[in-house]
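Beneath this line is the structure, given in structure tokens, with notes to follow.
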Amino acid sequence: MDIEREMQSLGFSEYETKVLLTSIRSGSSSAKELSKRSGVPYSRIYEPLNTLTEKGWLVRIEGHPTRFQASHVEEQFDALMRRERTRLETLKNVLRLMEHETEQVITPTITMGYGWDRFVEKYASYLETASQLAGAFGFNAPEKMSEIASHHEKRFLKTHLFIKEEVSRDTDALSALAGFGPGTEFRSLPFTPPIWLLFIDKRHLLVAIPSPVPERRCDECEVKYLEMRNFEMGMMLDKIMSLAYGESHPLALVDEQEEHEDDE
175 MDIEREMQSL
185 GFSEYETKVL
195 LTSIRSGSSS
205 AKELSKRSGV
215 PYSRIYEPLN
225 TLTEKGWLVR
235 IEGHPTRFQA
245 SHVEEQFDAL
255 MRRERTRLET
265 LKNVLRLMEH
275 ETEQVITPTI
285 TMGYGWDRFV
295 EKYASYLETA
305 SQLAGAFGFN
315 APEKMSEIAS
325 HHEKRFLKTH
335 LFIKEEVSRD
345 TDALSALAGF
355 GPGTEFRSLP
365 FTPPIWLLFI
375 DKRHLLVAIP
385 SPVPERRCDE
395 CEVKYLEMRN
405 FEMGMMLDKI
415 MSLAYGESHP
425 LALVDEQEEH
435 EDDE
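Taking the working numbering, the leading residue of the sequence shown gets 175, the next gets one more, and so forth.
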């Protein structure tokens, strides 16, 4: 075993290591004797002597000359091991807390709430910093669609919305959807579950669930919502979008339909 290297790995300097090992081998010695035996220059000998004495590894014996001898080495190492164990336990606990904090950032936060007002308020807060939106409207609520669309005014947001085919036949719903603005792509799906799904920036999900399931319109029905923050969809959302595109067709809104009729 390379004793000097092992000692230095415990935090001893090169000169401290040489002086301490020499003192253990030689017993009580003067500074000059320790300098000569350890190879530490006499001009530098008192720095490691003072440090080792302060830390309890050496004992100073007053006299002419002053002498130094190693303290109880076994006791000193027992104390060192206790300190190291405490230090490592503290470090382990800190790292564990850091790991938990990281998991909280990555793991979705799921919240359940009730009421249209809270749902719209949640959506509006996401929209303040959002850059893209993908969603599906699986039940008809023109007034609420219009309320949500109003938050898109004066904002250009890359938006893809899939509308249940039954909903797309309602002119009031189409008029409300027009409020999402020119940056929105609308497509009609023959079937979607009776819920609203809104994916914001591929990371956050808002789901509106009517109760009971409406036969026609749901502007006045009760609604509960599910919010999932940091719900990373990534490639999965891309695959879902690809499947939805394959089953859907472009949807013309009211203004576009009227323009087409005028052209005819």
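We treat Cβ as the ideally placed atom computed from N, Cα and C, and that holds for glycine.
Measure from the alpha carbon of residue i to the alpha carbon of each residue in the options, then state which is nearest.
i: threonine 441; options: Glu188, Ser200, Gly237, Arg211; result: Any question about residue 441 goes unanswered here, given that the chain covers just 175 to 438.
i: alanine 382; options: Thr240, Arg390, Val397; result: Val397
i: asparagine 404; options: Val387, Pro384, Asp375, Pro386; result: Asp375
i: glutamate 427; options: Pro356, Leu380, Tyr399; result: The question names glutamate, yet the displayed sequence has leucine at residue 427. For the residues Pro356, Leu380, Tyr399, the minimum Cα distance to leucine 427 belongs to Pro356.
i: serine 183; options: Lys206, Met410, Glu258, Glu302; result: Glu258
i: arginine 343; options: Tyr399, Thr358, Phe313, Lys328; result: Phe313
i: threonine 303; options: Glu359, His378, Lys210; result: His378
i: tyrosine 399; options: Leu363, Val294, Thr227; result: Val294
i: serine 245; options: Arg199, Lys206, Thr358, Glu207; result: Arg199
i: leucine 348; options: Cys395, Phe365, Lys328, Pro424; result: Pro424
i: lysine 129; options: Arg256, Glu207, Phe186, Lys206; result: This structure cannot settle anything about residue 129, because the visible part of the chain is limited to 175 through 438.
i: glutamate 340; options: Glu207, Gln243, Thr358, Phe365; result: Phe365
i: arginine 390; options: Asp346, Arg256, Gln243; result: Asp346
i: arginine 329; options: Met410, Glu180, Thr358; result: Thr358
How should residue i be labelled, buried or exposed, when 16 other C-beta atoms within 10 angstroms of its C-beta is the threshold for buried?
i: tyrosine 288; result: exposed
i: aspartate 176; result: exposed
i: leucine 417; result: exposed
i: tyrosine 216; result: exposed
i: histidine 238; result: exposed
i: glycine 213; result: exposed
i: histidine 274; result: Residue confidence for histidine 274 is low, a pLDDT of 49 falling below 50, so the modelled location carries little weight; the figure read from the coordinates is stated next. Its Cβ having fewer than 16 others within 10 Å, histidine 274 is exposed.
i: valine 279; result: With a pLDDT of 45 at valine 279, under the threshold of 50, the modelled position of this residue cannot be trusted, and the question is left open.
i: proline 384; result: buried
i: tyrosine 309; result: Rather than tyrosine, the amino acid found at residue 309 in this sequence is glycine. Counting Cβ neighbours within 10 Å, glycine 309 comes out buried, since at least 16 surround it.
i: glycine 420; result: exposed
i: isoleucine 235; result: exposed
i: arginine 179; result: exposed
i: leucine 232; result: buried
i: lysine 206; result: exposed
i: leucine 380; result: buried
Using 7 Å as the threshold, is the C-beta distance between residue i and residue j below it?
i: asparagine 351; j: leucine 331; result: The residue you asked about is not asparagine; residue 351 is leucine in the sequence shown. Contact flag unset, no.
i: serine 202; j: arginine 261; result: no
i: alanine 315; j: aspartate 412; result: no
i: glycine 353; j: serine 305; result: no
i: serine 324; j: arginine 361; result: no
i: methionine 402; j: isoleucine 284; result: yes
i: arginine 485; j: threonine 196; result: For the chain, the structure presents residues 175 to 438; residue 485 sits outside this window and is missing.
i: tryptophan 290; j: lysine 266; result: no
The stretch 188-199 / the stretch 215-224 touching (three or more Cβ pairs under 8 Å): When C-beta atoms of the stretch 188-199 are compared with those of the stretch 215-224, three or more pairs fall below 8 Å, so the two segments count as touching.
The stretch 248-267 touching the stretch 362-375, judged by at least three CB pairs closer than 8 Å: The answer is no - the stretch 362-375 does not touch the stretch 248-267, with fewer than three Cβ pairs under 8 Å.
Cβ contact (3+ pairs, closer than 8 Å) linking the stretch 333-348 and the stretch 290-300: The answer is no - the stretch 290-300 does not touch the stretch 333-348, with fewer than three Cβ pairs under 8 Å.
Any beta strand (DSSP E) of 3 or more consecutive residues that is wholly inside the stretch 329-354: You should have 332-338.
Whole alpha helix (DSSP H) elements within the stretch 200-258, 4-residue minimum: Secondary structure in the stretch 200-258: the alpha helix (DSSP H) runs of 4 residues or longer, each lying completely within the stretch, are 205-212, 220-228 in chain order.
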